[in-house]
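Peer 1:
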Amino acid sequence: MDTDNINFDEIVEKIRKFASAAEKKERFEHSVRVAETAKIMCDMYGVDPKKGYLAGLAHDMCKDLDDETQLSLASHDGQPISDVEKKKPSLLHGRAAAEKLRRDFGIDDSDIIQAVSRHTLGGASLCPLAKIIYAADKIEPGRPQSTKEYREKLFALSLNKLCLAVLEENMDYLRSKGKEIAPVSFRFHEALKRDIAYAATVAMDFAGGS
Numbered sequence: 023m024d025t026d027n028i029n030f031d032e033i034v035e036k037i038r039k040f041a042s043a044a045e046k047k048e049r050f051e052h053s054v055r056v057a058e059t060a061k062i063m064c065d066m067y068g069v070d071p072k073k074g075y076l077a078g079l080a081h082d083m084c085k086d087l088d089d090e091t092q093l094s095l096a097s098h099d100g101q102p103i104s105d106v107e108k109k110k111p112s113l114l115h116g117r118a119a120a121e122k123l124r125r126d127f128g129i130d131d132s133d134i135i136q137a138v139s140r141h142t143l144g145g146a147s148l149c150p151l152a153k154i155i156y157a158a159d160k161i162e163p164g165r166p167q168s169t170k171e172y173r174e175k176l177f178a179l180s181l182n183k184l185c186l187a188v189l190e191e192n193m194d195y196l197r198s199k200g201k202e203i204a205p206v207s208f209r210f211h212e213a214l215k216r217d218i219a220y221a222a223t224v225a226m227d228f229a230g231g232s
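Sequential numbering of the sequence shown, starting at 23, is according to my numbering.
Shown next as structure tokens:
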């Protein structure tokens with residue numbers, strides 16, 4: 023997707039109009055904060071900030087739709103519906119939103135689609151934009167724990183380390199509430215740890231001159 027295209031701002035405004043009408047007021051305000059946080063993070067981690075803003079704005083635009091509609095949209099993305107998603111169809115809202123972006127807004131950028139689709143549970147092979155949206159959703163300034171100092175501490179980390187910290191915090195929260203953690207989130211955790219270990223090995227090899 024060419025974000026220099028003159029229609030990009032128009033697409034964002036169409037998404038904004040739909041999201042503001044489809045989402046509860048508090049959720050739409052959250053979506054705007056996620057978009058703004060994602061834009062900042064994209065600038066930090068070398069990702070197109072326009073894509074970050076669009077994905078952040080769109081990520082929850084189907085969350086207030088009924089379960090049947092979310093299921094119908096998500097079922098067209100070519101991926102199976104997991105047992106966890108069947109038990110709690112609201113977990114499909116990201117996949118539903120990604121499908122709606124494709125169908126109704128003409129978005130075919132694979133990074134944006136993945137970022138919106140996987141923002142709830144994560145995934146084993148996420149692109150940098152998807153990692154940013156996953157984290158931005160959980161650390162935007164409206165979240166109770168997300169003080170300026172909290173965000174600054176996270177922003178000092180690599181993207182993978184930031185995501186791992188956010189994911190582990192989220193998993194601890196789910197455990198404290200007796201809630202099930204989706205298998206895909208465990209795969210996300212394993213992938214992040216593997217990527218961090220690989221980066222450390224490369225850094226050591228580089229420092230050693232090998």
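Beta carbons: idealized from backbone N, C-alpha and C, even for Gly. Keep in mind it's a predicted model, so treat the numbers as computed, not measured.
Once you ignore the five residues that flank residue 56 on each side, which residues in its own chain have a CB closer than 7 Å to its CB?
Peer 2: Closer than 7 Å at Cβ, skipping near neighbours: 78, 81, 158, 159 and 162.
Peer 1: Compute the distance between the beta-carbons of residue 203 and residue 196, then report whether it is under 9 Å.
Peer 2: Yes; because the gap between Cβ atoms is below 9 Å, this pair is in contact.
Peer 1: Less than 9 Å between the beta carbons of residue 191 and residue 167, yes or no?
Peer 2: Contact flag set, yes.
Peer 1: Tell me the DSSP secondary structure of residue 89 in three-state form.
Peer 2: Helix.
Peer 1: Kindly indicate which three-state DSSP category residue 150 falls into: helix, strand or coil?
Peer 2: Note: residue 150 maps to helix in three-state DSSP.
Peer 1: Nearest CA to the CA of residue 32: which residue from 72, 46 and 64?
Peer 2: The residue with the shortest Cα to Cα distance from residue 32 is 72.
Peer 1: According to the neighbour-count rule (16 or more other Cβ atoms, all chains shown, within 10 Å of its Cβ), is residue 61 buried or exposed?
Peer 2: So residue 61 counts as buried.
Peer 1: When the Cα of residue 13 is compared with those of 132, 179, 126 and 208, which residue comes out closest?
Peer 2: Given that the chain is displayed from residue 23 to residue 232, the structure contains no residue 13 and the question cannot be resolved.
Peer 1: When we look at the beta-carbon of residue 182 and count the other beta-carbons within 10 Å, is it buried (16 or more) or exposed?
Peer 2: That one is buried.
Peer 1: Throw me the rounded Cβ distance for the residue 87 and residue 137 pair, which I believe falls under 8 Å.
Peer 2: Between residue 137 and residue 87 the Cβ distance is about 19 Å, and since that is not below 8 Å, they are no contact.
Peer 1: Note down, in chain order, each residue of its chain lying with its Cβ closer than 6 Å to the Cβ of residue 217, except the 5 sequence neighbours on either side.
Peer 2: Here the set comprises 182.
Peer 1: For residue 136, which three-state DSSP category applies?
Peer 2: Correct three-state label for residue 136: helix.
Peer 1: Which residue marks the beginning of the alpha helix (DSSP H) containing residue 194, and which one marks its end?
Peer 2: Residue 194 -> alpha helix (DSSP H) spans 181-198.
Peer 1: Could you check if residue 169 is buried or exposed, using at least 16 other CB atoms within 10 Å of its CB as the buried criterion?
Peer 2: So residue 169 counts as exposed.
Peer 1: Taking the alpha-carbon positions, what's the residue 127 to residue 59 distance?
Peer 2: The straight-line gap from Cα to Cα measures roughly 23 Å.
Peer 1: Using the three-state DSSP reduction, which class does residue 202 fall into: helix, strand or coil?
Peer 2: Three-state result, residue 202: coil.
Peer 1: Taking the straight line between their C-alpha atoms, what separation do you get for residue 2 and residue 222?
Peer 2: Outside the shown range of the chain (23 to 232) lies residue 2, about which nothing can therefore be said.
Peer 1: For residue 100, tell me which candidate among 116, 121, 111 and 188 has the shortest Cα-Cα distance.
Peer 2: Closest by alpha carbon: 121.
Peer 1: In three-state terms, what does DSSP make of residue 106?
Peer 2: In this structure, residue 106 counts as helix in the three-state DSSP scheme.
Peer 1: If you draw a straight line from the C-alpha of residue 194 to the C-alpha of residue 75, how long is it?
Peer 2: Going by the C-alpha atoms only, they are around 28 Å apart.
Peer 1: Which of helix, strand or coil does DSSP assign to residue 54?
Peer 2: Of the three classes helix, strand and coil, the one that applies to residue 54 here is helix, per DSSP.
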